[in-house]
């Protein structure tokens, strides 16, 4: 609760109560007020970064790339559906190794910044790889896969970097954690809506290679995020500590991951995704190649995906305004159940039962895809909020990337599992007799995670899930990103105050570590209090004369014997 007279800090130390007005203009005023509130609480450049990365790079850009890649593999490289499914998994490998990118952003700064250089690097990779695909005709399949994988790596690096910012803000503003995920989801959904809307038209007009050329625009905007994002600069960065920081961050990750409160929901997330086999490449070939199928044109495919992406946006809106208060376990039960049952609509489509009810293929496919996108978004968002709450402070980027990589391993497993099913059932470019069986197998497996919900905590989005650790009971040394160490040993009783470099301190580790002034302030005759920006935080403890007087991040200390 904000005290009277307190001036609002740039990042907003307190969260104002958000009370939207009632009236006809709510649909216009509420989103504007919401964006304004988020920009005020967490700086406008953060909101800009989320919109660019999630909305333009991942939303619009990935939508263009998805449709372009489908037609590139089918018409230019001329591969089979099962092969396209496998290649799709290969290009997603950069998302599997997200902990590497996250670890780099947390412990390896460049030019005094931990986030901004990685946005610039990611954007440059995206521009170069997309230019190679768009300008080189008759590119060998291996080189094409490498370029697509490099482009995917650029998007993944930008994603993990903005995820670190989101996780960091989720910890400093816990009441806004769900709002930040809603911002990410809404940006992604709106970007996908527009991206799919124009994708089919551009594939028809300039071909899939031309679409890859357009992909340089989102990548260029990612570079702009690196220049505009507000991030305090770290002075006197010591690269000698990088190796030790890697080791410390890895230990912190492993310690957190071993907790039952953490690994159980991680296991559920992986299994729930893996068991939802991905057979979409087979469905795409059936949409466009099967003589007994709809035979959709390129423009039609783009419009279908565009309209259906509104289902994803609707899912984000439903979660934000109606479902975010529910417990994770209850919400995941219903979303997983609806997700599994909605897959049966694909079975109705491939068996052509929709025509018997007088529903045209185009209309029915839009309905099917919209429901699939909405239920998938509703299933995905509580897992994102849950993941953000499992991240220890100081290694937010690394640990959130680890959790997301677990999900991406699940997506990779689902893609390769789906490709294996398509291959076993002998579904090819011209043969789709068993496509219905592949869909039936997928739908049955989608429901099986319901028996694994005991792995998910009963907490809601306001609950704290991270386990606490035991405090240290010794004198300590704090290692900072600066080359200096602050030793807390044999302090005299007459100390009034000891202050250290306010601008250069950057503590990385478990706990709510804040950049800024570190001080040992006298608090009485014998007690000393360790503060970071005036706030005692963390999971460790400082003891003076055998009395605990302050808390510090446990992973930032070494015990002196």
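In the numbering used here, the protein residues as written are 795 to 1355.
Where a beta carbon is used, it is the ideal one built from N, C-alpha and C, also for glycine.
Below 8 Å on the Cβ atoms is my contact criterion, and I expect residue i with residue j to pass it. Report the Cβ-Cβ distance as a whole number of Å.
i            : j            : result
residue 1221 : residue 1232 : 7 Å
residue 996  : residue 1103 : Actually they do not touch by this definition, with Cβ atoms about 16 Å apart.
residue 998  : residue 1092 : 4 Å
residue 982  : residue 849  : 6 Å
residue 950  : residue 1016 : About 11 Å; that fails the 8 Å criterion.
residue 1009 : residue 859  : 6 Å
residue 1143 : residue 1162 : 6 Å
residue 1148 : residue 1155 : 7 Å
residue 905  : residue 955  : Not a contact, Cβ separation roughly 15 Å.
residue 1360 : residue 853  : An answer regarding residue 1360 cannot be provided, because it is not within the stretch 795 to 1355 covered by the chain.
residue 911  : residue 1087 : Their Cβ separation, rounded to whole angstroms, is 48 Å, which puts residue 911 and residue 1087 out of contact at 8 Å.
residue 1083 : residue 1224 : 7 Å
Beta carbon of residue i: closer than 6 Å to some heavy atom of the ligand ATP?
i           : result
residue 998 : Although the ligand ATP was asked about, the structure shown includes no ligands whatsoever.
Are the CB atoms of residue i and residue j nearer to each other than 7 Å?
i            : j            : result
residue 846  : residue 978  : no
residue 1005 : residue 1098 : no
residue 1179 : residue 972  : yes
residue 1071 : residue 857  : no
residue 837  : residue 1079 : no
residue 952  : residue 919  : no
residue 1077 : residue 1237 : no
residue 1069 : residue 1239 : yes
residue 1167 : residue 1212 : no
residue 1251 : residue 1130 : no
residue 1113 : residue 1028 : no
residue 1096 : residue 994  : yes
residue 1235 : residue 1064 : no
residue 1002 : residue 1120 : no
residue 987  : residue 1100 : yes
residue 839  : residue 1022 : yes
residue 946  : residue 926  : no
residue 876  : residue 1206 : no
residue 938  : residue 1075 : no
residue 1169 : residue 1218 : no
residue 1039 : residue 901  : yes
residue 893  : residue 1196 : yes
Would you call residue i buried or exposed, if buried means 16 or more other Cβ atoms sit within 10 Å of its Cβ?
i            : result
residue 908  : buried
residue 1351 : Unreliable placement is indicated for residue 1351, whose pLDDT of 36 sits below 50; the coordinate value is still reported in the next sentence. The residue in question, residue 1351, is buried, as its Cβ has 16 or more Cβ neighbours within 10 Å.
residue 1013 : buried
residue 1165 : buried
residue 1227 : exposed
residue 869  : exposed
residue 967  : buried
residue 883  : buried
residue 1194 : buried
residue 832  : buried
residue 1115 : exposed
residue 932  : exposed
residue 1173 : buried
residue 1089 : exposed
residue 1122 : buried
residue 929  : exposed
residue 1334 : Residue placement at residue 1334 is poorly supported in this model, since its pLDDT is 36, which falls under 50; the coordinates are not used for a value here.
residue 1150 : exposed
residue 1203 : buried
residue 1210 : buried
residue 957  : buried
residue 1152 : exposed
residue 1183 : buried
residue 830  : exposed
residue 889  : buried
residue 921  : buried
residue 1331 : The pLDDT assigned to residue 1331 is 34, lower than 50, so where the model puts this residue is not dependable; a value taken from the coordinates is nonetheless given after this. Answer is buried; the Cβ neighbour count reaches 16.
According to DSSP, what are the bridge partners of residue i?
i           : result
residue 907 : 904
Does the CB of residue i have a neighbour CB from chain B at under 7 Å?
i           : result
residue 826 : Here chain B cannot be found, since the structure has a single protein chain.
Residue ranges of each beta strand (DSSP E) run of no fewer than 3 residues wholly in the segment 1011 to 1079, ordered along the chain? List check, beta strand (DSSP E) in window: nothing returned.
Which runs of the alpha helix (DSSP H) spanning at least 4 residues fall entirely within the segment 1084 to 1124, listed in chain order? Annotation: the segment 1084 to 1124 contains the following complete segments of the alpha helix (DSSP H) (minimum length 4 residues), in chain order: 1092 to 1112.
Every unbroken alpha helix (DSSP H) inside the segment 1163 to 1222 [4 residues or more]: 1190 to 1218
Which ranges would you report for the beta strand (DSSP E) in the segment 927 to 957 if only whole runs of at least 3 residues count? none
Which runs of the alpha helix (DSSP H) fall wholly inside the segment 964 to 1009 and span at least 4 residues, in chain order? 971 to 1008
In chain order, which continuous runs of the alpha helix (DSSP H) of length 4 or greater are located wholly inside the segment 825 to 882? 838 to 844, 856 to 865
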